[in-house]
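A.B. asks: I'd like to ask some things about the structure below.
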Amino acid sequence: MSCGSNDKESVNSAPSAKEKSERISVPDFNSDSAFYYLKRQVEFGPRVPNTDAHKKCADFLIQTLGDFADTVYVQETTVTAFDGTKLDIQNIIGVFNPDNRSRILLSAHWDTRPFADEDPDPENFYTPIDGANDGGSGVAVLLEIARHLSKKPIETGIDIIFFDAEDYGAHSKYDGQAEDTWALGSQYWAQNPHTPGYYARYGILLDMVGAENATFKHEGYSMYYAPNIVRRVWQKAQRAGYGNYFVNRQTGYIMDDHYYINKYRNIPTINIIHQDDSTPHGFFEQWHTVDDTIEYIDKNTLKAVGQTVLKVIYKD
Ligand code: AHN
Ligand code: ZN
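Residue numbers for the sequence shown follow our numbering, beginning at 946 and rising by one.
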């Protein structure tokens, strides 16, 4: 029976001097820098697969992640969307400390939804969205983390993956909800990892981590596959003073990239995702509308998430 007991932090021994010094020197996540990375993405326009903006943003992400990581892999393939469209996609993977077998996987999707199917105005049902929060925010936080990893290296192996084609799922108004139409990039990567037999001790997915007063709860699949990681991350967040964001409450199951990482690679992976009971769809108010724009991004939320993840990985 697995109970996540291979958790080194639970071993009850005094920290070495080196560990102690590592503990007090978690870098300070810079939310202005993260916001800049977010703005750069949004300025390309909607990052919808098979568009010029998507291609240009991929180049930007490869370049920027390449500045920080030891190696960058670009995994190019073609997948078939729910409506039969062939999508040329790119998963972008930054590797830190490739030789360490003890690894943590951090991820976010970088593509944006091709249609605003939750918009209040039906005129917008086929308009692509900016995806400042849904797409831009997770990538922005991870680029800022990558920058810190290059400035202040750690020993743990870290892989940062920007998944493509997460948000090309079936149109909610016209197409029904066929299974496995979301998260096409992570479905591909999880079955064809960039290195054969790739494994990490655990994974953290970031999705919609930029709205004002966002709340991150114990998402269903995260608790099913990786309850100890959820508890560890939420505890770190609360101890850092971010308890208003990281709330100890169980919520529903969200089909997202982490599901396929758990299912196909058996890497216990959680989703830090903004869920909100007060909206009809359960996410932030502007979700999958043309209003998912940069003006609704709050740096304080980027900070809460980025600082929490830094604490998790630097104290590892
Ligand atoms: C579904 O609504 C099935 N999944 C939400 C996953 C998602 C969409 N994350 C961002 N956009
Ligand atoms: Zn989305």
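Here a beta-carbon is modelled for each residue, glycine too, at the ideal position from N, C-alpha and C.
Since the structure is predicted, the reported quantities are computational estimates derived from the model, not experimental observations.
Can you tell me whether Asp1120 is helix, strand or coil according to DSSP?
C.D. replies: coil
A.B. asks: Using a Cβ-based criterion (distance less than 6 Å to any ligand heavy atom), does Arg1058 qualify as near ligand 2?
C.D. replies: Indeed, a heavy atom of ligand 2 lies less than 6 Å from the Cβ.
A.B. asks: Which of the three DSSP states, helix, strand or coil, is assigned to Leu1064?
C.D. replies: This sequence places Asp at residue 1064; Leu is not what is there. Coil, per DSSP.
A.B. asks: DSSP three-state label for Ser1223, please.
C.D. replies: coil
A.B. asks: Note down, one range per segment and in chain order, each alpha helix (DSSP H) of at least 4 residues found wholly within the stretch 1145 to 1188.
C.D. replies: 1165 to 1170, 1172 to 1184
A.B. asks: Report the residue from Tyr1166, Lys1260, Pro1067, Ala1123 whose alpha carbon sits nearest the alpha carbon of Tyr1205.
C.D. replies: When each option's Cα is compared against that of Tyr1205, the closest is Tyr1166.
A.B. asks: May I ask which residues mark the beginning and end of the beta strand (DSSP E) holding Ala1053?
C.D. replies: 1048 to 1054
A.B. asks: Using the beta-carbon count (16 or more within 10 Å), is Trp1158 buried or exposed?
C.D. replies: Per the sequence shown, residue 1158 should be read as Asn rather than Trp. Asn1158 is classed as exposed because its beta carbon has fewer than 16 other beta carbons within 10 Å across all chains shown.
A.B. asks: State yes or no: is the C-beta of Val1086 within less than 7 Å of the C-beta of Ala1156?
C.D. replies: Not a contact, by the Cβ cut-off of 7 Å.
A.B. asks: What is the DSSP secondary structure of Asn1245, reduced to helix, strand or coil?
C.D. replies: helix
A.B. asks: How long is the line joining the alpha carbons of Leu1150 and Ile1103, rounded to whole angstroms?
C.D. replies: 13 Å
A.B. asks: When the Cβ atoms of the stretch 1219 to 1231 are set against those of the stretch 1121 to 1137, are three or more pairs found closer than 8 Å?
C.D. replies: no
A.B. asks: Are the beta-carbon atoms belonging to Lys1162 and Gln1252 less than 7 Å from one another?
C.D. replies: no
A.B. asks: Going straight from the alpha carbon of Glu967 to that of Lys1181, what length do you get?
C.D. replies: Its pLDDT being 48, under 50, Glu967 is placed unreliably in this model, and the value from its coordinates should be taken loosely. If I take the Cα positions, the gap works out to 15 Å.
A.B. asks: Specify the secondary structure class of Tyr981 as computed by DSSP and reduced to three states.
C.D. replies: helix
A.B. asks: If you check the beta carbons only, do Asn1036 and Gly1186 fall under 7 Å apart?
C.D. replies: no
A.B. asks: From Met1200 to His1226, what does the alpha carbon distance come to, in whole angstroms?
C.D. replies: 13 Å
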